[in-house]
Amino acid sequence: MRSKRIVITGILFCMAFTMIQCASSQKIDDIQPVLLSEAYYQKWMSGIKGGGTGFTLYLPVAEGKQDIQLQYAYFDGHKIMLQKKVNENVFTGKYENLKTERDIIMSDDPQKEHKNTLPQTEKIPFDLAAQECVIAYSKGDKQGFFKIQKLQEKKMEAYPMQIKQ
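As structure tokens, this is what we get:
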């Protein structure tokens, strides 16, 4: 009887702890602290083998307080660091998906295949729909988040191959 009570108390404690964790997750602000004019992303593709693919985010700030810094963007399942362009009011972030060929061991012996490594996947703290983006910003010592509902996509940019000289 006493062991049942201990087990039930333990289960209730775990459930309460889980709910507290959910409540402390990232809160997205209802109002954007800055006004973005025509925020968009543009996919790109390298013209050389192994150059990879990716996309660049463009976040032009139309109005807003100068003390607000955009730090990260959460988009398409990735966390992307944002940087402000010099002498412009535009923040950009670049995601690169470099194509690296991995050696995969295929064998009848499971012990040999055990040396294969799983691809690394990122986990972002937001569940986002297609073309939704969450921006992390700071204002002084305060951190905050706001959401862009529909980030526009511009035509893909294909970089040409470099000519060997």
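Here the sequence shown stands for residues -23 to -1, 1 to 142, numbered as in mature numbering (1 follows the signal peptide of the UniProt record, and there is no 0).
Every residue, glycine too, gets a C-beta built ideally from N, C-alpha and C.
Is it a yes or a no for the stretch 114 to 124 touching the stretch 41 to 52, going by three-plus beta-carbon pairs under 8 Å?
Proximity of the stretch 114 to 124 to the stretch 41 to 52 meets the contact definition, three or more beta-carbon pairs being nearer than 8 Å.
If we call anything under 9 Å between Cβ atoms a contact, is residue 13 one with residue 101?
Against a cut-off of 9 Å, the Cβ pair of residue 101 and residue 13 comes out as no contact.
Let's see if you can read the secondary structure: which residues bound the beta strand (DSSP E) around residue 62?
If you look at residue 62, you'll find it isn't in any beta strand (DSSP E); DSSP assigns it neither H nor E.
Give a yes or no on contact between the stretch 31 to 40 and the stretch 49 to 57, applying the rule of three or more CB pairs nearer than 8 Å.
With a cut-off of 8 Å, the stretch 49 to 57 and the stretch 31 to 40 count as touching, because enough Cβ pairs lie within range.
In chain order, what residues of the same chain lie with their CB nearer than 8 Å to the CB of residue 55, ignoring the 5 residues before and after it?
Cβ-Cβ distances below 8 Å link residue 55 to 72, 99 and 101 in the same chain, with the five nearest sequence neighbours on each side left out; the list follows chain order.
Cβ of residue 134 within 9 Å of Cβ of residue 19?
Contact: yes.
Specify the secondary structure class of residue 94 as computed by DSSP and reduced to three states.
Three-state DSSP puts residue 94 in coil, outside helix and strand.
May I have the straight-line CA-CA distance separating residue 109 from residue 87, to the nearest angstrom?
So the two alpha carbons sit approximately 41 Å from each other.
Could you tell me which residues DSSP puts in a beta bridge with residue 134?
Residue pairing from DSSP places residue 134 in a beta bridge opposite 21.
Just how far apart, CA to CA, sit residue 10 and residue 120?
When the Cα atoms are used, residue 10 and residue 120 turn out to be separated by approximately 12 Å.
Run the CB neighbour count on residue 111, radius 10 Å, all protein chains shown included, and call it buried at 16 or more, exposed below.
Counting every other CB atom within 10 Å of its CB across the protein chains shown gives residue 111 a total of 16 or more, marking it as buried.
For the beta strand (DSSP E) containing residue 123, list its first residue and its last residue.
Residues 119 to 125.
Closest by CA to residue 68, which one among 105, 17, 130 and -22?
Of the candidates 105, 17, 130 and -22, the one whose C-alpha sits nearest the C-alpha of residue 68 is 17.
Roughly how many angstroms separate the alpha carbons of residue 94 and residue 70, rounded to a whole number?
Between the C-alpha atoms of residue 94 and residue 70 there is a straight-line separation of about 29 Å.
Would you list the one or two residues that DSSP bridges to residue 56?
Assignment of beta-bridge partners to residue 56 by DSSP yields 51.
Work out the CA separation of residue 127 and residue -18 for me, nearest whole Å.
Between the C-alpha atoms of residue -18 and residue 127 there is a straight-line separation of about 50 Å.
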